[in-house]
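This report concerns only the one structure given below.
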Amino acid sequence: MAIPHPREIQMAVVNWLDERYPFTKAVDESLYQRVPNFANAFYYCFGGMVFILVAIQLLTGVFLSFYYVPDAGTPGNSPAYNSVLFIQNTQYLGWLIRGSHFWGANILIIMVLIHMSRVYWTGSYRAPRELNWIVGVIMLLCILALSLTGYLLPWDTKAYFATEVTIRIGGLTPPAQLGAFIRDVLQGGPVVGPPTLQRFFTIHVFLLPGLIVLLMYIHFRFIRAHGISEPL
Amino acid sequence: MADAAVRKRGFTRRTFLGWWIGSLMTATIVTALPPLLVFLWPAPPKGQRKGPLTIALDTPMDQITDGQAVKFSAPTSPNSAFIMADGGGGNAAGDLAFGGFVVKNQGKINVFAINCSHLGCSIALNESAKTFDCPCHGSRFHLDGTVLRGPAPAPLSHLTWKQGSDAKTIQVDGLTLGF
Amino acid sequence: MSDKGVHRQGPGAAAAPPHELPVVEVDSHAGHTLEPEWKRLPIGPDHILYPVVVGLALFPILMGDAGHHLADDMPDDETHPFFPDHFWPYPIIAVVMLVTVGLLSAFVQKNLQLEPVADPRAVTIPRPDWYFLFLFQVLKLGPELIMALGTPAIIVGALVLWPFIDSIAGPRLAKRFGWKRWPVPGRNIYTGTGWLLFLAFLAGLTLWALAGPSFCLPWFSGPVCGA
Chain A
269 MAIPHPREIQ
279 MAVVNWLDER
289 YPFTKAVDES
299 LYQRVPNFAN
309 AFYYCFGGMV
319 FILVAIQLLT
329 GVFLSFYYVP
339 DAGTPGNSPA
349 YNSVLFIQNT
359 QYLGWLIRGS
369 HFWGANILII
379 MVLIHMSRVY
389 WTGSYRAPRE
399 LNWIVGVIML
409 LCILALSLTG
419 YLLPWDTKAY
429 FATEVTIRIG
439 GLTPPAQLGA
449 FIRDVLQGGP
459 VVGPPTLQRF
469 FTIHVFLLPG
479 LIVLLMYIHF
489 RFIRAHGISE
499 PL
Chain B
-4 MADAAVRKRG
6 FTRRTFLGWW
16 IGSLMTATIV
26 TALPPLLVFL
36 WPAPPKGQRK
46 GPLTIALDTP
56 MDQITDGQAV
66 KFSAPTSPNS
76 AFIMADGGGG
86 NAAGDLAFGG
96 FVVKNQGKIN
106 VFAINCSHLG
116 CSIALNESAK
126 TFDCPCHGSR
136 FHLDGTVLRG
146 PAPAPLSHLT
156 WKQGSDAKTI
166 QVDGLTLGF
Chain C
1032 MSDKGVHRQG
1042 PGAAAAPPHE
1052 LPVVEVDSHA
1062 GHTLEPEWKR
1072 LPIGPDHILY
1082 PVVVGLALFP
1092 ILMGDAGHHL
1102 ADDMPDDETH
1112 PFFPDHFWPY
1122 PIIAVVMLVT
1132 VGLLSAFVQK
1142 NLQLEPVADP
1152 RAVTIPRPDW
1162 YFLFLFQVLK
1172 LGPELIMALG
1182 TPAIIVGALV
1192 LWPFIDSIAG
1202 PRLAKRFGWK
1212 RWPVPGRNIY
1222 TGTGWLLFLA
1232 FLAGLTLWAL
1242 AGPSFCLPWF
1252 SGPVCGA
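Top line first, the protein sequences correspond to chains A, B and C. First residue of the first sequence: 269, per this note's numbering; consecutive thereafter. First residue of the second sequence: -4, per this note's numbering; consecutive thereafter. First residue of the third sequence: 1032, per this note's numbering; consecutive thereafter.
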């Protein structure tokens, strides 16, 4: 029996797929669609940069969670703090992964602000793109909430007190009962303590990344439906 | 119009099914939501209990001079905090504090929680000006706890205390946290 | 054995002749003008690198059908294909980003060092990260409830509602000024300047906070210092 050329095997696979879903056509349609030349302006790339940075954050975040221990422990003995020290100082390339997560977050916020400024400046929030602007603002809030919750996770002094101030601000919400409710639910107890770290960890690692991926999907669906906005 | 004709027929099988499926979906949400919300509400951990905490002061009570403030902290083992007796602004009666000051002002002894009434930062004694200063947002308090300048909206919170077995110790109302 | 009772279609189609699967067809290209075949990158379904191309295409496929775009009505010389003409800068950006965060984490470790472990009994000045410094500074300027909750609520509310504010108030203002239309902020003296002032306001507060506790400016309630 003659050994088939690898190209023939590949074509057999592609044909098999094509019979079940218009596969090559979908690939062609998504890759060879034409884009207006004005979309080559440099200021249209900030959204893509934000996407790349979010991907870096998700990747490094997942890897950090292999070593991070979300347990604040008792006064003077904190597994969370020790695990961050372990990642930073002991684990192979731990400084790189944690550093990338940290610096990626900072650059991400800068890029989000620049992207938002660009969208504002070119009037790209106007009809029919209002909903996409609103989705974008919600994603900005998600990213700020991610920064806020991520700030507590190393469980060092500055993180602790910054969180205490933040939660107190949330607790100011009138009426007083609602404020107290918000504070208790965020803190998970009468003071900022181990339950708070547990909650912030869950919000940072499960809730907000899921929400932001969903919102990004909606954001891109809207962009695909509307097309790129005209220049100024 | 056909629409109007349908509407005129009033309550039909279709209307009934609409209400039926609507109420089923509402029932699903109503069944699922309350347990989830209750689950978010934190239960007090085992070992949490109220009671007086015995604190040893750096300066015995009878040696504190007028205008002097002695700082003390809540015990770490077991991890405990003080309960505020009153409060305004960001503090309220029943809130917790991890430290406090015994201060003698014009012959009168007061025990204050360490938290600024603005956003709860720890105040520090300003020795030269004889005030409590908040490092966070610049609030200042007189030694009797009243506000010298904002943004703090209310005086410092008091702690409930009584003299301990000797001059060096006091008993302050507090809470063993249980974690 | 007779043919009766032998399923030729559906589940249990034991004797169905091969290659009778109907090929799924969707409407052709939904009115989009695609790059003509002879101008495309020579990586067709029979090319060894085709799986890479498929990987790239998975993302837009997930994103669903594109609507009718501006480019579909534009002459050929005013458009270009998405791949590779429009796509090529992004891998470069991705590599630059990765190298940047890598270099930053290697050489600017100062920001990554931890303070002592959290101690509620410690006395420190809590200071937020740089992107919340403006809020931190705003807190010092007035009553806490208005400053701490009012300011962010107003900013967020105005941002969310901005497309509607712009589309309702804009044309009315334009009519009052005798303008023919209400231009986008990049060409609009009012909304454009307003945005720059807003950014300058945020930047100013941030710099004020960064200037440190010894940098104080007079304010209604007395001098207010940085953080």
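All C-beta atoms in this analysis are idealised placements derived from N, C-alpha and C, irrespective of residue type, glycine included. As the structure is a computational prediction, the values presented were derived from the model and not from experiment.
Euclidean distance between Cα positions of residue i and residue j
{"i": "I378 (chain A)", "j": "M1178 (chain C)", "result": "24 angstroms"}
{"i": "L1072 (chain C)", "j": "P1112 (chain C)", "result": "10 angstroms"}
{"i": "F1195 (chain C)", "j": "P1214 (chain C)", "result": "15 angstroms"}
{"i": "P304 (chain A)", "j": "G1181 (chain C)", "result": "43 angstroms"}
{"i": "G495 (chain A)", "j": "R366 (chain A)", "result": "37 angstroms"}
{"i": "A88 (chain B)", "j": "W1239 (chain C)", "result": "35 angstroms"}
{"i": "G456 (chain A)", "j": "G115 (chain B)", "result": "18 angstroms"}
{"i": "F174 (chain B)", "j": "P462 (chain A)", "result": "7 angstroms"}
{"i": "N400 (chain A)", "j": "Y388 (chain A)", "result": "12 angstroms"}
{"i": "P272 (chain A)", "j": "V281 (chain A)", "result": "13 angstroms"}
{"i": "S72 (chain B)", "j": "H113 (chain B)", "result": "29 angstroms"}
{"i": "A448 (chain A)", "j": "I471 (chain A)", "result": "20 angstroms"}
{"i": "D1107 (chain C)", "j": "S415 (chain A)", "result": "45 angstroms"}
{"i": "Y311 (chain A)", "j": "R386 (chain A)", "result": "7 angstroms"}
{"i": "V1130 (chain C)", "j": "H1100 (chain C)", "result": "35 angstroms"}
{"i": "C131 (chain B)", "j": "L353 (chain A)", "result": "28 angstroms"}
{"i": "M279 (chain A)", "j": "L285 (chain A)", "result": "10 angstroms"}
{"i": "V1057 (chain C)", "j": "G1098 (chain C)", "result": "Its pLDDT being 47, under 50, V1057 (chain C) is placed unreliably by the model, and the measurement read from it follows with that caveat. The alpha-carbon atoms of V1057 (chain C) and G1098 (chain C) are separated by roughly 15 angstroms."}
{"i": "F38 (chain B)", "j": "L381 (chain A)", "result": "Note on identity: in this sequence residue 38 (chain B) is Ala, with Phe being the wrong assignment. Roughly 40 angstroms separates the two Cα atoms."}
{"i": "V1055 (chain C)", "j": "G1086 (chain C)", "result": "Residue placement at V1055 (chain C) is flagged as unreliable, the pLDDT there being 49, under the threshold of 50; the coordinate-derived value follows with that caveat. Going from the Cα of V1055 (chain C) to the Cα of G1086 (chain C) covers about 21 angstroms."}
{"i": "R288 (chain A)", "j": "F490 (chain A)", "result": "28 angstroms"}
{"i": "V403 (chain A)", "j": "F1163 (chain C)", "result": "21 angstroms"}
{"i": "P47 (chain B)", "j": "F468 (chain A)", "result": "32 angstroms"}
{"i": "H1050 (chain C)", "j": "A294 (chain A)", "result": "With a pLDDT of only 49 at H1050 (chain C), under 50, the local geometry of the prediction cannot be trusted, and the value read off the model is given with reservation. When rounded, the distance between both Cα atoms is 22 angstroms."}
{"i": "V33 (chain B)", "j": "P40 (chain B)", "result": "16 angstroms"}
{"i": "Y405 (chain A)", "j": "A427 (chain A)", "result": "Before going further, note that residue 405 (chain A) is Val rather than Tyr in the sequence given. Rounded to whole angstroms, V405 (chain A) to A427 (chain A) spans 26 angstroms at the Cα level."}
{"i": "S298 (chain A)", "j": "L1089 (chain C)", "result": "8 angstroms"}
{"i": "H487 (chain A)", "j": "H1117 (chain C)", "result": "20 angstroms"}
{"i": "T171 (chain B)", "j": "A1184 (chain C)", "result": "37 angstroms"}
{"i": "K1010 (chain C)", "j": "P1082 (chain C)", "result": "This structure gives no information on residue 1010 (chain C), because the portion of chain C shown stretches from 1032 to 1258."}
{"i": "P1244 (chain C)", "j": "A1205 (chain C)", "result": "45 angstroms"}
Coil, strand or helix - residue i by DSSP
{"i": "V1055 (chain C)", "result": "Confidence in V1055 (chain C) is poor, its pLDDT being 49 and thus under 50, which makes the residue's placement unreliable; the coordinate value appears in the next sentence. DSSP places V1055 (chain C) in coil when its eight states are reduced to three."}
{"i": "K45 (chain B)", "result": "strand"}
{"i": "V473 (chain A)", "result": "helix"}
{"i": "D1096 (chain C)", "result": "coil"}
{"i": "D286 (chain A)", "result": "helix"}
{"i": "N400 (chain A)", "result": "helix"}
{"i": "T7 (chain B)", "result": "coil"}
{"i": "N1219 (chain C)", "result": "coil"}
{"i": "C313 (chain A)", "result": "coil"}
{"i": "L151 (chain B)", "result": "coil"}
{"i": "A1258 (chain C)", "result": "coil"}
{"i": "I433 (chain A)", "result": "In the sequence as displayed, the identity of residue 433 (chain A) is Val instead of Ile. Helix at V433 (chain A)."}
{"i": "L1080 (chain C)", "result": "coil"}
{"i": "L440 (chain A)", "result": "coil"}
{"i": "L1065 (chain C)", "result": "strand"}
{"i": "Y485 (chain A)", "result": "helix"}
{"i": "Y360 (chain A)", "result": "coil"}
{"i": "Y388 (chain A)", "result": "helix"}
Below-8 angstroms beta-carbon distance, residue i vs any chain E residue
{"i": "A76 (chain B)", "result": "Of the chains in the structure shown, none is chain E; the protein chains are A, B and C."}
DSSP beta-bridge partners of residue i
{"i": "H273 (chain A)", "result": "DSSP output for H273 (chain A) lists no bridge partner at all."}
{"i": "R135 (chain B)", "result": "B:D128, B:R144"}
{"i": "W156 (chain B)", "result": "B:V167"}
{"i": "I50 (chain B)", "result": "B:I165"}
{"i": "T342 (chain A)", "result": "A:N345"}
{"i": "V303 (chain A)", "result": "C:H1111"}
{"i": "L1248 (chain C)", "result": "C:V1255"}
{"i": "A64 (chain B)", "result": "B:V98"}
{"i": "D424 (chain A)", "result": "C:V1148"}
**Item:** Positions along the segment 426 to 437 of chain A whose CB lies within less than 8 angstroms of some CB in chain B
**Value:** Against chain B - using a Cβ distance shorter than 8 angstroms - the residues of the segment 426 to 437 of chain A are F429, E432, V433, R436, I437.
**Asked** Along the chain, which unbroken stretches of the alpha helix (DSSP H) at least 4 residues long are found entirely within the segment 1105 to 1161 of chain C?
**Response** The segment 1105 to 1161 of chain C contains these whole alpha helix (DSSP H) runs: 1120 to 1138.
**Asked** Which parts of the segment 66 to 125 of chain B are runs of the beta strand (DSSP E), unbroken and 3 residues or longer, counting only runs that do not cross its ends?
**Response** With a minimum length of 3 residues, the continuous beta strand (DSSP E) runs that stay inside the segment 66 to 125 of chain B are 75 to 78, 94 to 100, 103 to 108, 119 to 121.
**Request:** Using a Cβ-Cβ cut-off of less than 8 angstroms, give me the residues of the segment 109 to 120 of chain B that come near chain A, in sequence order.
**Result:** L114, G115, C116
**Asked** In the segment 1172 to 1198 of chain C, which residues sit with their C-beta less than 9 angstroms from some C-beta in chain B, listed in chain order?
**Response** L1172, G1173, P1174, E1175, L1176, M1178, A1179
**Request:** May I ask you to list, following chain order, the residues of the segment 1073 to 1088 of chain C that have a beta carbon less than 9 angstroms from some beta carbon of chain A?
**Result:** Sequence-ordered contacts of the segment 1073 to 1088 of chain C with chain A read G1075, P1076, D1077, H1078, I1079, Y1081, P1082, V1084, V1085, L1087, A1088 [C-beta pairs closer than 9 angstroms].
**Request:** Residues of the segment 4 to 30 of chain B with a CB closer than 7 angstroms to any CB of chain C: list them in chain order, please.
**Result:** none
**Prompt:** Using Cβ-Cβ distances below 7 angstroms, what residues of the segment 61 to 88 of chain B are close to chain A?
**Reply:** T71, N74, A76, G85
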